[in-house]
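Undergrad: If you read the sequence shown in our numbering, its first letter stands for residue 2, the second for the next number, and so on. First, the structure itself, so that you have it in front of you.
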Amino acid sequence: MTMQTQNPREPVIEITGLKKQYRLGQIGGGTLTADLQSWWARVRGKEDPNLPIGTDTRLFGQTFMALNGVDLTVYKGEALGIIGRNGAGKSTLLKLLSRITAPSAGEMKIKGRVASMLEVGTGFNGEMTGRENIYMNGSILGMTKAEVDVKLDQIIEFSECGEFIDTPVKRYSSGMFVKLAFAVAAHLDSEIMVMDEVLAVGDMKFQQKCLGKMSDVAGQEGRTVLYVSHNMSTIRQLCTRCVVLDKGRVIFDGNVEDAIAVYMETTDVNVVHYELEDLGRMTSGAGKRLRVLSLDFVGKESSVFAAGEPLTVRIRWRAGQKFDAVNMKLNIHYRDSSPVGISHPVTLGAAEPGRVYTTTFTFDTSILSEGQYFFYLDVFERELAGAICLDKPNQEFAFEITNTDRTLPEWAAGWGHIHFPPVQVLGTEETAQ
């Protein structure tokens, strides 16, 4: 009798010709009466009574292919990174794998239970305590109460939320929320973990703790991890393989470093105007009380800047309430998503509800070495508790610095991208032995 050896490349996810199409502006009324009201309003050229206020009806009937023919096989025990620019289809792919939405075409074969963490607190009930949510998530995965009991102490200890475990999670901070949600996803019995940029929340120490746990899950426990992130350092640290998505298609599948190089080449430095009103936001509360409508690189046909040339930007924004002072900063990254720094916060001024404002500002690029960069726009208000995010569009604003005589040595990539003032030598003297 011969013993069969287990195939080390056992597929757990097989995707063939996967497509997902969205119809822009189409929102069903929920009833036949509401849909007839919407149709009659369009026939008469009137505003649709069932659309949210401010919806751009010019988008009515247009379609958007979020995924356009994805073929992908993921094997047991892999830590697969999924990277790409905003709008490439990364989050849509994870939603399809998590069965949150259905594909428009194509086929998915999934072997095993999927634990999803697509945003902070996915699957949590705010009125329930942390402990109750742990049991509820276990039930969703098909586990019995006895099976969850075995894991409960490990989950609570890992989450660092033991003191608040019997408090309704609606009172948790975003950091506490993500700690508990990650602990639940990482410890309950699922064969596949799906994570979407969740480690962007929480302190640095906990992020490293999560990365270590995810590495153990994939390496030692033989579970499969799919991880979407814009942070290339975490992709390098965690993933054994990486795919790059662009415009709904897989344009690369293979080695992590090669994938990051391909991703960096997709950076578009020829865009100088961005429409942001209908774009997604990076946090759940962003864009509701204040919304940035557009951003332009002023006086440029491309966002390429010569050495010392100031980066001049104009933004249009609308206030939904009265503000005594609106503040802004830029979160600047190198093209591989490694952080460069945060600009000093500045005040844009006061604002009245319903008013639209235009602000023009400049940034001194002379401190940056040659290369491609991007920044995120972060608008906030100051309160006693700290900075409260008002708006943060989910958009990378790419630019390039060129023709500088301050190009850093080749080995400098791991040392940063900022030109510090030169060290001043005050003198050298020979000393006695």
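Even glycine gets a Cβ: it sits at the ideal position worked out from N, Cα and C.
(1) Does the Cβ of Arg224 have 16 or more other Cβ atoms within 10 Å, making it buried, or fewer, making it exposed?
(2) Is it the case that the Cβ atoms of Leu73 and Thr93 are separated by a distance below 8 Å?
(3) Helix, strand or coil: which one does DSSP assign to Val327?
(4) Assuming the contact rule is C-beta atoms closer than 8 Å, Leu378 and Leu291 should be a hit. Round their C-beta distance to whole Å, please.
(5) Does Ala186 have its Cβ less than 8 Å from a Cβ in chain B?
(6) Quick one: complete alpha helix (DSSP H) runs, 4+ long, within the stretch 196-284?
(7) What's the call for Ser230, buried or exposed, on a 16-neighbour Cβ count within 10 Å?
(8) Relative to the C-alpha of Phe178, which residue among Phe207, Lys152, Ser191 is closest?
(9) Out of Lys210, Val380, Pro12, state which residue places its alpha-carbon closest to the alpha-carbon of Ala1.
(10) With 16 as the cutoff for other CB atoms within 10 Å, does Ser370 come out buried or exposed?
(11) Is Val226 closer than 8 Å to Ala80 when the C-beta atoms are compared?
(12) Pick out the complete alpha helix (DSSP H) segments inside the stretch 84-150, 4 residues or longer, and give them in chain order.
(13) Can you tell me which of Gly139, Gly355, Phe364, Ile333 puts its alpha carbon nearest to the alpha carbon of Gly417?
(14) Looking only at DSSP bridge pairs, what is Thr398 linked to?
(15) In angstroms with no decimal places, state the Cα-to-Cα distance between Phe1 and Lys152.
(16) Relative to the C-alpha of Ala320, which residue among Ala287, Tyr374, Thr429 is closest?
(17) Considering only the alpha carbon of each residue, which of Arg86, Pro354, Thr360, Phe364 lies closest to His345?
(18) Could you tell me which residues DSSP pairs with Ser295 in its beta bridges?
(19) Please identify the residue among Gly300, Gly139, Leu331 whose C-alpha is closest to the C-alpha of Val272.
(20) Could you tell me the alpha carbon to alpha carbon distance between Val257 and Arg242, rounded to whole angstroms?
(21) Quick check on this structure: which residue in Gln155, Val170, Glu148, Val115 has the alpha carbon closest to the alpha carbon of Gly131?
(22) Could you tell me whether the Cβ atoms of Val327 and Val380 are closer together than 8 Å?
(23) DSSP three-state call for Gly496: helix, strand or coil?
(24) Report buried or exposed for Ala219, applying the criterion of at least 16 other Cβ atoms within 10 angstroms of its Cβ.
(25) Determine the extent of the alpha helix (DSSP H) in which Asp36 is found, giving its start and end residues.
(26) Any chance the CB of Glu15 is under 7 Å from a heavy atom of the ligand PLP?
(27) In the structure shown, what three-state DSSP assignment does Ile54 receive?
(28) Name the DSSP bridge partner or partners of Glu384?
(29) Exposed or buried, what is Trp40 when buried is set at 16 or more other beta-carbons lying within 10 Å of its beta-carbon?
(30) For Glu15, which of helix, strand or coil comes out of DSSP?
(31) When you compare the CB positions of Val193 and Arg100, do they come within less than 8 Å of one another, or not?
(32) With a threshold of 7 Å on Cβ separation, who are the neighbours of Gly124 within its own chain once the five nearest residues in sequence on each side are excluded?
(33) Gln396: buried (16+ other C-beta within 10 angstroms of its C-beta) or exposed?
(34) Sort out for me which residues DSSP pairs Ile193 with in a bridge.
(35) What did DSSP end up calling Gln22 once you bin it into helix, strand or coil?
(36) Let's test the definition: count the other Cβ atoms within 10 Å of the Cβ of Thr235 and tell me whether it reaches 16, buried, or not, exposed.
TA: Well, looking at it:
(1) Against the sequence shown, residue 224 aligns to sequence position 223. Burial call: buried.
(2) The residue given as residue 73 occupies position 72 in the sequence shown. The residue given as residue 93 occupies position 92 in the sequence shown. No, the Cβ-Cβ distance between Leu73 and Thr93 is not below 8 Å.
(3) Taking the first residue of the sequence shown as position 1, residue 327 is located at position 326. Strand, per DSSP.
(4) Taking the first residue of the sequence shown as 1, we reach residue 378 at position 377. Taking the first residue of the sequence shown as 1, we reach residue 291 at position 290. So it is not a contact: roughly 12 Å between Cβ atoms.
(5) Judged by its chain identifiers, the structure shown contains no chain B, having just a single protein chain.
(6) 205-220, 233-239, 257-266
(7) Numbered from 1 along the sequence shown, position 229 holds the residue referred to as residue 230. The residue is buried, with at least 16 neighbouring Cβ atoms inside 10 Å.
(8) Within the sequence shown, numbered from 1, the residue matching residue 178 stands at position 177. Checked all of Phe207, Lys152, Ser191; the closest Cα to Phe178 is Phe207.
(9) Shown here, the chain extends from 2 to 434; a query on residue 1 therefore has no answer.
(10) Taking the sequence shown and counting its residues from 1, the one referred to as residue 370 is at position 369. So Ser370 counts as buried.
(11) Within the sequence shown, the letter at position 79 stands for residue 80. Within the sequence shown, the letter at position 225 stands for residue 226. Yes, they are a contact pair.
(12) 91-98, 131-141
(13) Here residue 417 refers to the residue found at position 416 when the sequence shown is read from its first residue. Minimum Cα distance to Gly417 is reached at Ile333.
(14) Translated into positions along the sequence shown, residue 398 becomes position 397. Looking at the sequence provided, one finds Phe at residue 398 rather than Thr. Answer by DSSP bridge pairing, in chain order: Phe376.
(15) A query on residue 1 cannot be resolved here, the shown segment of the chain reaching from 2 to 434 and no further.
(16) Indexing the sequence shown from 1 puts residue 320 at position 319. Comparing Cα-Cα distances from Ala320 to each of Ala287, Tyr374, Thr429, the minimum goes to Ala287.
(17) The sequence position of residue 345 within the sequence shown is 344, counting from 1. With distances taken between Cα atoms, His345 lies closest to Phe364.
(18) Within the sequence shown, residue 295 is the residue found at index 294, counting from 1. Note: Ser295 sits in a beta bridge opposite Glu276, Arg317.
(19) The residue you call residue 272 lines up with position 271 of the sequence shown. The shortest Cα separation from Val272 among Gly300, Gly139, Leu331 belongs to Gly300.
(20) The count along the sequence shown starts at 1 and reaches residue 257 at position 256. The count along the sequence shown starts at 1 and reaches residue 242 at position 241. Cα to Cα, the separation comes out at about 5 Å.
(21) Locating residue 131 in the sequence shown gives position 130, counting from the first residue. The shortest C-alpha separation from Gly131 is found at Val170.
(22) Along the sequence shown, one-based indexing puts residue 327 at 326. Along the sequence shown, one-based indexing puts residue 380 at 379. Contact flag set, yes.
(23) The structure shown does not extend to residue 496, since the chain is modelled only from 2 to 434, so the question has no answer here.
(24) Numbered from 1 along the sequence shown, position 218 holds the residue referred to as residue 219. Buried, by the Cβ-count rule.
(25) Here residue 36 corresponds to residue number 35 of the sequence shown, with the count starting at 1. 33-44 is the span of the alpha helix (DSSP H), which, as asked, contains Asp36.
(26) Ligands in the displayed structure: none, and consequently the ligand PLP is not present.
(27) For the purposes of this step, residue 54 is taken as the residue at position 53 of the sequence shown. Caution applies to Ile54, whose pLDDT of 48 falls short of 50 and renders its modelled position unreliable; the value that the coordinates give is listed next. In the structure shown, Ile54 sits in coil (DSSP, three-state: anything other than H, G, I, E or B).
(28) Taking the sequence shown and counting its residues from 1, one reaches residue 384 at position 383. For Glu384, which the question treats as bridged, DSSP gives the partners Gly387.
(29) Position 39 of the sequence shown holds residue 40. Classification of Trp40: exposed, given that the 10 Å Cβ count is below 16.
(30) The sequence position of residue 15 within the sequence shown is 14, counting from 1. Strand, per DSSP.
(31) Mapped onto the sequence shown, residue 193 falls at position 192. Mapped onto the sequence shown, residue 100 falls at position 99. Rather than Val, the amino acid found at residue 193 in this sequence is Ile. No, they are not a contact pair.
(32) Taking the first residue of the sequence shown as 1, we reach residue 124 at position 123. Correct list, in chain order: Asn138, Ile141.
(33) Numbered from 1 along the sequence shown, position 395 holds the residue referred to as residue 396. Result: buried.
(34) The residue you call residue 193 lines up with position 192 of the sequence shown. In DSSP, Ile193 forms a bridge with Val115, Thr225.
(35) Start at 1 with the first residue of the sequence shown, and residue 22 comes out as number 21. If DSSP states are grouped into helix, strand and coil, Gln22 belongs with the strands.
(36) The residue given as residue 235 occupies position 234 in the sequence shown. Answer is buried; the Cβ neighbour count reaches 16.
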